[in-house]
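Residue numbers (my numbering): 6 to 342.
Note that beta-carbon positions come from the ideal geometry of N, C-alpha and C, so glycine has one too.
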């Protein structure tokens, strides 16, 4: 009897937070666990590096629940760089409908219009799941060239706005959700990602400093239209607590802080951050403490030197203990091989 009583208490504790769940919450019934290229490769990761990390995860970590391999920012730029972004003369890879495609010099299997499908197939063959990062909005280059929106009579110039453009990366314009063609554009990119076999999407510049509720709604509906189970992660943080109910009902995970790196002050801050967000945890909808800057990081990162994590052993144990108690998603940031 004591055993069943404990199980009931555990079930109640896990499920007592938040509002009634939605069907997409079942796609992330436990906090997602995986690897993300950002902490070690910034905007410069290559297909070979992604595959090497997938191989390691499949061989050593999959049995413990680690399953996502996520390609982070600017996979569509052929000539990006470490320690910042190339915003002077970026060479974009984009299709005729204004949708970014992988840079083939970095992702050779994407040649001849195949996109990320060959890489996704490789990762799926390992029993893992494949994810990508995107920025909210529509590419500036699509607007300048007035590219058409797939299966509509609208163009990029019909749906964009220069207001609230990302402050730190100028690849995109805002999509005005009130404009005809706006939903259709998001539908077109999510359909493309579904065709590639994407299982996870991290959408940046969505939550802070401005919470873009209208675009989150468009993304949620576009994912659901694909018929594919694509887990939605919003970024960066801190997501405004005032919007907790909305993000909980539209995303599977959302950032609680800005970019988290390997220093004690930021780690210490998470104790207070997690306390603020503790009441909003829900099965399938997880507040996210950001990636785990552990192991070998900064190889070609957007910031920071090539290094082993500066966290001491005790700090690493503290980090992992806190993230697990809070039930944050776990996305390893170091190079695994």
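Straight through space, the alpha carbons of residue 315 and residue 338 are spaced by roughly 13 angstroms. Counted as a single uninterrupted DSSP element, the alpha helix (DSSP H) harbouring residue 282 occupies residues 269 to 282. Rounded to the nearest angstrom, the Cβ distance from residue 52 to residue 114 is 6 angstroms, consistent with a contact under 8 angstroms. Distance from the Cα of residue 260 is smallest, within the candidate group 254, 212, 306, for 212. For residue 331, the enclosing alpha helix (DSSP H) covers residues 318 to 331. Contact between residue 131 and residue 63 holds: their C-beta atoms lie close to 4 angstroms from each other, under 8 angstroms. In this structure, residue 165 sits away from residue 146, with a CB-CB distance that is not shorter than 9 angstroms. Within the segment 88 to 139, the complete alpha helix (DSSP H) segments of 4 residues or longer fall at 122 to 130, listed in chain order.
Between residue 223 and residue 250 a beta carbon distance of about 18 angstroms is seen, past the 8 angstroms cut, so the two are scored as non-contacting. Looking at 231, 288, 207, the one whose alpha-carbon comes closest to that of residue 136 is 207.
Taking C-alpha positions only, residue 70 is separated from residue 38 by approximately 7 angstroms.
Beta-bridge partners assigned by DSSP to residue 335: 38.
Distance from residue 29 to residue 229 at the Cβ level is roughly 7 angstroms; contact confirmed, criterion being Cβ atoms closer than 8 angstroms. Cβ-Cβ distances below 6 angstroms link residue 234 to 32 in the same chain, with the five nearest sequence neighbours on each side left out; the list follows chain order. With a beta-carbon spacing of about 13 angstroms, residue 325 and residue 296 fall beyond the 8 angstroms limit used to define contacts. Separation of residue 153 and residue 177 (C-alpha to C-alpha, rounded to the nearest whole angstrom) is 16 angstroms. DSSP, read as helix, strand or coil, puts residue 287 in strand. Of the residues assessed, residue 302 falls on the buried side of the cut-off, its CB having 16 or more other CB atoms within 10 angstroms. By the Cβ-count criterion, residue 138 is buried, with 16 or more other Cβ atoms from all chains shown falling within 10 Å of its own Cβ. For residue 252, the three-state secondary structure derived from DSSP is helix.
Fully enclosed alpha helix (DSSP H) runs of no fewer than 4 residues occupy 145 to 149, 161 to 164 of the segment 139 to 173, in order along the chain. Going by C-alpha positions, residue 231 is about 20 angstroms away from residue 253. Inter-residue distance for residue 221 and residue 202 is about 21 angstroms (C-alpha atoms, whole angstroms). Minimum Cα-Cα distance from residue 120 among the listed residues 196, 274, 270 corresponds to 196. Residue 275 and residue 244 have their C-alpha atoms spaced approximately 14 angstroms apart. For residue 193, the uninterrupted alpha helix (DSSP H) segment begins and ends at 187 to 201.
Excluding its 5 nearest sequence neighbours in each direction, residue 175 has C-beta neighbours in its own chain below 8 angstroms: 92, 145, listed in chain order. Boundaries of the alpha helix (DSSP H) harbouring residue 61: 52 to 65, taken from the DSSP string. Closest in alpha carbon position to residue 101, among 278, 294, 265, 160, is 160.
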